[in-house]
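All remarks here apply to the structure that follows.
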Ligand code: BGC
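Residue numbers (this note's numbering): 2 to 390.
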């Protein structure tokens, strides 16, 4: 059965982040962290990742051939400005070629300016803990503007709520439950976002940022506890987007909130490879929460997906998620696109074990192996409708 109705110009895409797929991001704080030079070492380093720095055209071609119409990728501050004030023209040219390739393939490029990683020199200065970061970020964005020529959708900062958490190198990538946002860091992120929005608008593009939503679901009577809990972790970042051109919503799982705070997932709940509860409608909760804090701001789902070795579960999860996106559209929320996380299996911040990709690849040869879920999502995109099974 085919159900209505995604809007006519709805974007269908997949997302990646530079550090997770490019490989060799040696001037970044994450690279240093992976090798034990900054805080606690991680399980596994990123190394060559998927070598998408060189293979991006092949990756984009696979998405376009499947039927997708958009590709979200990030550009890497540590490559563009490997030393303070030195701007690599070669890196700028590289990312311009990526934008050009996306356009040639009929993919609307969505470019993220910051996706978790910082140049190592910035981390050594204190990163997001120091006030100077706001000017540093604005200077980087200004230097990167040539990449954005001909780009309509620009995401300034990916998941500022996670950046706020990751600002402390002793804190690993959280596998369950988000620690509270760090107040000074949150303020700097909002200030940096505002500076970037102005710069991006100055060249005629549309600016937004993408927020990690957690589907905070209050038990009856626990609404105030939920609001208190969610403010520094999520709602403050949605609220900060209310004057933006669009907002990116990302969701993977849910968090139920009782009178005492978060309630652990049920023992018998299905878990994904990241240990999160399998909960496809989380994205609907995230979209509705964005409509609460940033009403009227157009929404793009900029990430949504599942870490699984069972591609049939990926399709099932995504079908469930898209159903809840449709319900939001039917309620009148202006949702304009769905970009799946992720185009490729990738470096999940410390491990390659958590496979989120529509495309697998060989760790030695880098040969790409599209999964059935890519063909399935491409079919949905071509039909612009969800086939409910
Ligand atoms: C991030 C991605 C990450 C994904 C799955 C989001 O938090 O933006 O970089 O890989 O979720 O954990």
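All residues carry an ideal CB built from backbone N, CA and C; glycine is no exception. Remember, it's a predicted structure, so these values are computed and weren't measured experimentally.
query, result
"Residue 54 versus residue 344 - alpha carbon distance", "14 Å"
"Helix, strand or coil at residue 138 according to DSSP, with G and I counted as helix", "helix"
"Residue 7 - containing beta strand (DSSP E), residue span", "Here residue 7 belongs to no beta strand (DSSP E), and DSSP marks it neither H nor E."
"The segment 10-20 / the segment 70-79 touching (three or more Cβ pairs under 8 Å)", "yes"
"Between the CA atoms of residue 320 and residue 131 - distance to the nearest angstrom", "43 Å"
"Pairwise C-alpha distance: residue 327 and residue 38", "46 Å"
"DSSP-derived helix/strand/coil call for residue 277", "coil"
"Where residue 27 falls, given that 16 or more other Cβ within 10 Å makes a residue buried", "exposed"
"Whether residue 371 touches residue 108 by CB criterion (8 Å)", "no"
"Residue 159 CB to nearest heavy atom of the ligand COA below 7 Å", "Only the ligand BGC can be found as ligands here, which leaves the ligand COA out of the picture."
"Closer than 7 Å: residue 215 CB and nearest the ligand BGC heavy atom", "no"
"Local conformation of residue 301 per DSSP, three classes", "strand"
"For residue 329 and residue 291, the rounded distance between their alpha carbons", "11 Å"
"C-alpha gap between residue 338 and residue 133, whole angstroms", "35 Å"
"Neighbourhood of residue 194 by C-beta distance below 6 Å, restricted to the same chain and skipping five residues each side", "157, 158 and 210"
"Residue 340 - partner residues in DSSP beta bridges", "14"
"Collapsed DSSP secondary structure at residue 162 in the structure displayed", "helix"
"Own chain partners of residue 141 with C-beta closer than 7 Å, once the 5 adjacent residues on each side are dropped", "78, 81 and 82"
"For residue 97 and residue 46, believed in contact at Cβ under 8 Å, the rounded distance", "No, residue 46 and residue 97 are not in contact; Cβ-Cβ is about 29 Å, not under 8 Å."
"Through-space distance from residue 164 to residue 93, alpha-carbon basis", "24 Å"
"Burial state of residue 203 (16 or more Cβ within 10 Å)", "exposed"
"Beta-carbon gap between residue 112 and residue 155 smaller than 8 Å", "yes"
"Contact check, residue 182 vs residue 237, beta carbons under 8 Å", "yes"
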